[in-house]
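Novice: I am attaching a structure below and will ask some questions about it afterwards.
In our numbering, the protein residues as written are 87 to 188.
So, in structure tokens, the structure goes:
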């Protein structure tokens, strides 16, 4: 998926800058959420090979197919709640680069 496009550099007005900063923050949070989702997968969240996922009360094949959606939603909420600070670090770095271009 392509990142959101930013208005051209050199745009004047506080509202243009605020809109660009909001887009940068959203992109940084999305990147952190994707990172967290990968980390949750690597940690085994939703691994259906365990004992608890088998039996009469398991979700079966449907559970395994939709598990990635749940993991992505959990990672997105983690990032929105502050995550591990990766989004803020990325945002500050992008903001500095944006200021250098203006």
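Beta carbons are placed, not taken as given, at the ideal position from N, Cα and C, and that holds for glycine. In this text the structure is predicted, and so the values were computed from the model without any measurement.
Any chance the CB of residue 172 is under 6 Å from a heavy atom of the ligand PLP?
Specialist: As for the ligand PLP, it is missing from this structure, which has no ligand bound.
Novice: Measuring only the C-alpha atoms, how far is residue 106 from residue 180?
Specialist: 11 Å
Novice: Are residue 114 and residue 173 closer than 7 Å when you measure CB to CB?
Specialist: yes
Novice: Could you check which residue in 185, 155, 109 has the C-alpha nearest to that of residue 120?
Specialist: When only C-alpha atoms are compared, the closest one is 155.
Novice: Going by C-alpha distance, which of 110, 170, 102, 146 is nearest residue 123?
Specialist: 170
Novice: Compute the distance between the beta-carbons of residue 100 and residue 126, then report whether it is under 7 Å.
Specialist: No; because the gap between Cβ atoms is not below 7 Å, this pair is not in contact.
Novice: Just to confirm my understanding: we take residue 164, look at its own chain, exclude 5 residues before and 5 after, and list those with CB closer than 6 Å. What are they?
Specialist: 122
Novice: Measuring CB to CB, does residue 131 end up less than 7 Å from residue 111?
Specialist: Between residue 131 and residue 111, the gap from beta carbon to beta carbon reaches 7 Å or more.
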